[in-house]
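In this text, residue positions in the sequence shown follow our numbering: the first is 1, and each later residue adds one.
C-beta: ideal position from N, C-alpha, C; glycine also.
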Amino acid sequence: MPVLVVNVDHVATLRQARMGSEPEPITAAHLAEMGGAQGIIVHLREDRRHIQDRDLSLLKATLTANLHLEMAATDEMHRIALEVQPHMICLVPEKREELTTEGGLQCMGREDFLRSYLAPFKARNIYTSLFIDAEPEQIQAAASAGADYIEIHTGHYADARDHPARQAELEKIISGIKQAGSLGLRVNLGHGLNYQNILAFSGVKSICEFSIGHSIISRAVMVGIKEAVAQMNEIIRSFSP
Ligand code: PXP
1 MPVLVVNVDH VATLRQARMG SEPEPITAAH LAEMGGAQGI IVHLREDRRH IQDRDLSLLK
61 ATLTANLHLE MAATDEMHRI ALEVQPHMIC LVPEKREELT TEGGLQCMGR EDFLRSYLAP
121 FKARNIYTSL FIDAEPEQIQ AAASAGADYI EIHTGHYADA RDHPARQAEL EKIISGIKQA
181 GSLGLRVNLG HGLNYQNILA FSGVKSICEF SIGHSIISRA VMVGIKEAVA QMNEIIRSFS
241 P
């Protein structure tokens, strides 16, 4: 049975819009855990546009669910991740100008670098994952680099413009899952998954985790707005004339 890992970056995005203290991503993570998330994932970006260093330490100190850290393969992140010791690290490509992670990591030709980058984590029993496109060469390279997991990038599937294109992307992902399994890699899926497009993966075997952020946080805003307005209205109605 695959499990759900919830990404709370966008709660932090909203907080950083005012550089204030709410909404608190730590509270959101705990509520996600209460809702059944088996893991919480955050991306500590080089530019700290959403998640901050203190968020990571607080999550590590307070969560019962597994903490996953998405990060670029830099020296700074290597140091921070070894200090925090999450349950799993997931290496992603990172560009300053991008709105979100745009594609998979280039593993082919970088196997030696990745193997030595991952080695200290493996030595400390921290699971390692590489976020990659469902390309046979990248999957082979991820296995050669010694990763425990790959996270297959589902963004191209989610963004496909029509049914045939979506179906082609889905087939690529499914054959990537099979190839990864034959190489001893465990497989997570993530990016752009929502309440509709995830249904295509029902019945697909050997998926360990779904990593989902934007659609869950977006839905949370919508299902919570009625109650939030009612609470403010109640305060205003309690004012004496
Ligand atoms: N997995 C990875 C590697 C990501 O970079 C992201 C986005 O931060 C996600 C999963 C979650 O994607 P989404 O927010 O579209 O659900």
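Identified DSSP bridge partners for G109: Looking at the DSSP assignment, G109 forms no beta bridge with any residue, so it has no partner.
Between I113 and the ligand PXP, is the CB less than 6 angstroms from at least one heavy atom? Rather than Ile, the amino acid found at residue 113 in this sequence is Phe. Not so, every heavy atom of the ligand PXP lies at least 6 angstroms from the Cβ.
Would the region 129-149 and the region 181-195 be scored as touching if the rule is three or more Cβ pairs under 8 angstroms? When Cβ pairs closer than 8 angstroms are counted between the two stretches, the region 129-149 is seen to touch the region 181-195, the count reaching three or more.
DSSP-derived helix/strand/coil call for Y149: Here Y149 sits in strand by DSSP.
Helix, strand or coil at T101 according to DSSP, with G and I counted as helix: coil
Cβ-heavy atom distance, H43 to the ligand PXP, below 6 angstroms: yes
Any heavy atom of the ligand MN within a distance shorter than 6 angstroms of the CB on V92? Although the ligand MN was asked about, the structure shown includes only the ligand PXP as ligands.
Check whether the region 47-62 touches the region 3-13, counting contact only when three or more Cβ pairs, one atom from each stretch, lie closer than 8 angstroms. yes
Measure the Cβ-Cβ separation of G152 and I174 and say whether it is below 7 angstroms. It should be pointed out that residue 152 corresponds to Ile in this sequence rather than to Gly. No; because the gap between Cβ atoms is not below 7 angstroms, this pair is not in contact.
Inspect the CB distances between the region 230-240 and the region 24-37 and report whether three or more fall short of 8 angstroms. Inter-segment contact for the region 230-240 and the region 24-37 is absent: fewer than three beta-carbon pairs are separated by less than 8 angstroms.
For a test of your reading of the model: does the CB of S211 fall under 6 angstroms from any non-hydrogen atom of the ligand PXP? Yes or no. yes
Smallest Cα separation from A142: which of L105, K95, G39? L105
Within the region 52-92, note down every full beta strand (DSSP E) run reaching 3 residues or more, in order along the chain. Segments of the beta strand (DSSP E) lying fully in the region 52-92: 66-71, 88-91.
Please classify T101 as buried or exposed, where buried requires at least 16 neighbouring CB atoms within 10 angstroms. Note on T101: 16 or more other CB atoms within 10 angstroms of its CB, so buried under the neighbour-count rule.
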